[in-house]
Structures are given as C-alpha cells and as structure tokens.
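Q: Under my numbering, the first residue of the sequence shown is numbered 30, with each subsequent residue one higher. Ideal Cβ placement from N, Cα and C applies to all residues, glycine included. Just passing along the structure, written as structure tokens.
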Amino acid sequence: MKNTFLPVSVLLFTTLLMYMGAGQQGILVPVRAGLEGFSPLTIGLFGTAYAVGFIAGCYLIPVSLRRVGHIRTYGVVASIAAVGILLHGLLVYAEVWFVLRFAAGFSIAGAAMIIESWLNSRVSNETRGSVFSVYMIVYLFAVTSGQMSLVAFDPMMLNMFAVSAILFTLALIPTSLTKIPAPEVPARVELNLKHLFNLSPVGAAGAFMVGMANGSFGTLGPVYAQETGFDTSGVALFMSLALVAGALAQWPFGKLSDQIDRRIVIGSVGALGSVAGLAIVFFGAPGVITLGLVSLFGVAAFSLYGLSVAHANDHAQSSDFIMVSGGLLVLFGVGAAVGPLVSAVLSMVMTSSGVFAFTAAMHGALAAFAFYRMSQRDAVPDADKDDFVGFARPTSPEAAVLDPRGEKKDEAEDTAKPV
C-alpha cells in the first residue's frame with residue numbers, strides 16, 4: 030500500500046488544495062452574485078462562461094504542454110485561477126466576471142488535466158484502480174470541504190476570495206518542487222458526434238442532458254437556496270448534501286447496472302431526479318424537507334453521468350475508450366454551457382424554482398429516451414460489460430486515461446485474440 034501511494038502523494042495533496050479552492054469559488058461566486066443583485070440571466074451567463082472556458086482548456090492546454098512542459102503550464106493555470114478569484118472580490122462588475130469565469134473554467138480544466146496525466150504516468154496497471162478510487166475520494170472531499178467553508182466567511186467580504194486564491198497558490202508548491210518526471214503530453218480531445226450517437230445514443234444523450242441539468246444546478250442552485258430563505262450556512266449545506274448524496278449513491282446504482290440493462294437504471298434514476306426536482310418546485314421551503322429533497326435530487330443528478338459513461342463504454346472498443354470518454358466530457362461541457370442560460374430564463378419567469386423545473390425536464394427526458402431505446406436495441410451481454418466506475422462530476426479528459434476500465438478492455442481484447 031505504501032509503495033502504491035507514496036509516489037503519487039504529492040499529486041494527491043495538490044489535488045486536495047486545488048479542488049478545495051475550486052469548491053469554494055463554485056459556491057461563492059453565485060452566492061455573492063445573488064447578494065449583489067445580479068439577475069438570474071446574468072448569473073446563468075457566468076455559468077455558461079465557466080463551461081466554455083472549461084471546454085477551451087480541454088482543447089488548448091495540450092498545446093501549451095508541448096511547448097513549455099507540465100510544470101510551467103501548471104504554474105500558469107494555477108496563477109490564473111488564484112488571480113482570477115481575487116479579482117472577483119475586487120472588481121464586482123458583471124462584464125468583468127464574465128471574463129473571469131471563462132478564465133476560471135480554463136484554468137481548472139488545465140490543472141485537472143495536468144494532475145491526472147501526471148498520476149497516470151506514475152501508476153501501474155495493477156494499482157490504477159486503487160489510485161483512481163483514492164483520487165476521486167480526495168476530489169469529492171476537497172470540493173465538499175470547499176463548499177462547506179462558506180459557513181465560516183461573509184461572502185460580501187474579500188476573505189473567502191483570498192482563501193481560495195491562497196489554496197490555488199499553495200497548490201503550486203508541491204508540483205514546483207517535485208522530482209517526479211514529466212509525463213507524456215495528453216492527446217487532444219476529439220469530438221465525433223455522429224460516432225458517439227451511433228455507438229451509444231443513451232450515453233451521448235445522457236452526457237449532454239446531465240451537463241445541462243448539473244450545470245444549471247451548480248450555477249443557480251445557490252441562488253434558489255438564498256431566495257428560498259436559507260442563510261449562508263444553509264446554502265452551503267444545501268449544495269453539499271446533493272454532492273455527497275450523489276457520491277454515496279453511485280456505488281449501489283453502479284453495481285445494479287452491472288447486473289441488469291444499464292438503460293433500466295439510467296431511466297429509473299432519471300425519473301427519480303425528475304420527481305425530486307418537481308417536488309422542490311412545489312414544496313421547497315427553508316428546512317429539513319427541502320434538504321431531504323435536494324439530497325434525493327443529488328442521488329440522481331450526480332449518479333447519471335457515471336452511468337452514461339459506463340453505458341457508452343460498454344459499446345466501445347479499447348481503441349475508442351479515451352475518444353469516447355473525452356467526447357462525452359465535451360458533450361457534458363456543452364450541456365453545462367447551454368443549461369444555465371435556459372434555466373435562468375425559466376427562473377425569471379417562475380422565480381428561482383425555475384432551475385429545478387428545468388432539471389426535472391432534463392431528467393425526465395433522459396428517462397423517457399432511455400426506456401424508448403430499450404425497444405430499439407438489445408441490451409449489452411453481461412460478459413461484454415465493463416465494471417462501473419463512479420464519476421460524481423467529470424474532471425478532465427485525462428481521467429479517462431487514469432480510469433482502470435481502459436486497461437481492462439485492452440487486456441480482455443488481447444486475451445481474446447487468436448494465437
């Protein structure tokens with residue numbers, strides 16, 4: 030165990046610092062925007078700018094890595110993230126924040142890609158699954174801790190912006206001093222929509238619709254909690270419960286989907302998310318009931334992406350694994366760019382509960398499509414399925430390389446080849 034994790038401990042510590050900072054700004058920006066009186070449409074545009082920046086980072090960071098290497102590129106993106114979040118607190122203007130949200134998405138995508146490619150270079154096939162699991166645990170703990178830190182700060186003050194910037198700056202130190210050799214440059218992300226939809230219509234539709242729903246919740250969920258009457262501590266708990274519930278639910282849903290047609294699980298979980306969203310629309314009020322409902326919402330919302338990726342990869346060959354996972358990530362990002370805008374318009378028409386009306390529509394549409402596809406295509410045989418691997422949220426295309434399923438597919442296909 031020591032030999033497995035000691036070589037990557039520096040990278041895991043960097044992950045902890047970076048995603049604590051990311052979790053902080055993810056909740057702080059919409060909360061501060063709501064307190065400043067920005068309209069739902071403006072806040073939705075902040076979410077869109079972040080998602081567009083994230084997609085841009087996935088495409089452009091490999092170019093920088095080829096030119097100047099991992100350590101210098103990581104220094105640049107971490108510095109952009111630190112300076113950017115500080116400027117949020119110093120320059121409270123919507124036009125400035127649009128640019129800063131794009132920069133935040135770009136820098137966090139770049140940092141995640143660099144760390145994950147470094148991790149991938151330091152693990153063997155035998156330890157890949159264990160390291161990937163620990164990485165996802167560190168990621169979820171860091172994001173949740175970052176969100177809950179809102180309890181300790183006044184979002185109208187500069188303090189929390191400064192702490193987030195400090196975390197991004199501290200994340201520079203371990204990688205700058207490390208003796209770990211730089212890994213190979215990650216491949217460019219490819220998006221072949223026709224191939225993805227032909228390969229797995231439910232997987233592709235799932236990534237896009239979940240991106241729309243989760244992007245909307247991440248951007249406008251804190252605003253809903255504020256306007257419903259939750260105080261700052263309540264907003265932090267509201268957002269964190271959804272993420273933690275989704276993380277805990279992935280294992281039972283994933284194991285169930287390994288044993289039966291995954292589309293049944295995707296459809297059922299989508300229906301659950303739709304019902305939970307509608308329940309929040311009609312019964313939401315500050316208190317335990319709404320916290321319970323948002324936990325139920327999180328069970329569905331943060332399980333569906335992993336289920337969609339697993340279903341798509343059931344149909345993929347080993348040579349397509351990284352391309353499929355990277356393409357699904359881009360589809361998720363496109364959905365996360367579109368969703369906040371649509372839900373913001375609904376929020377202006379219906380009050381802040383419009384965000385959950387929109388997520389209910391997306392989850393319901395995905396459920397209906399998954400059940401419909403069961404009548405159009407046979408289920409994947411159990412022998413051809415990959416074991417489920419959870420993703421509460423997609424991080425970067427390099428997570429597909431670190432994902433142990435790619436190696437298992439290679440080994441299985443090599444074994445099946447005639448000699």
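#1: On the CB-based measure, 16 or more other CB atoms within 10 Å of its CB, does residue 280 come out buried or exposed?
#2: Assuming contact is defined by CB atoms lying nearer than 8 angstroms, are residue 262 and residue 313 in contact in what I supplied?
#3: How about residue 236 and residue 286: are their beta carbons less than 8 angstroms apart?
#4: Would you say residue 336 reaches chain D, if we count a Cβ-Cβ gap shorter than 8 angstroms as a contact?
#5: Who are the Cβ neighbours of residue 175 in its own chain at under 6 angstroms, not counting the five residues just before and after it?
#6: Using the C-alpha atoms, what's the distance from residue 83 back to residue 131?
#7: Roughly how many angstroms separate the alpha carbons of residue 309 and residue 385, rounded to a whole number?
#8: Using CA coordinates, which residue listed in 64, 144, 177, 187 is at the minimum distance from residue 205?
#9: Taking only three categories from DSSP, how would you classify residue 406?
#10: How would you call residue 120, buried or exposed, if buried means at least 16 neighbouring beta carbons within 10 angstroms?
#11: For a test of the three-state rule: what should DSSP assign to residue 380, helix, strand or coil?
#12: Which same chain residues, not among the five before or five after residue 259, have their C-beta less than 7 angstroms away from its C-beta?
#13: Does DSSP classify residue 289 as helix, strand or coil?
#14: I'd like to check one pair, residue 74 with residue 375: are the Cβ atoms closer than 8 angstroms?
#15: In its own chain, which residues sit with a C-beta less than 8 angstroms from the C-beta of residue 65, not counting the 5 before and 5 after it?
#16: Can you tell me where the alpha helix (DSSP H) with residue 343 in it begins and where it stops?
#17: If distances are taken between C-alpha atoms only, which option among 359, 389, 241 comes closest to residue 325?
A: According to the structure shown:
#1: exposed
#2: no
#3: no
#4: Although the question refers to chain D, the structure presented lacks it and comprises just one protein chain.
#5: 49, 52, 53
#6: 7 angstroms
#7: 7 angstroms
#8: 144
#9: coil
#10: exposed
#11: coil
#12: 267, 315
#13: coil
#14: no
#15: 121
#16: 333-343
#17: 389
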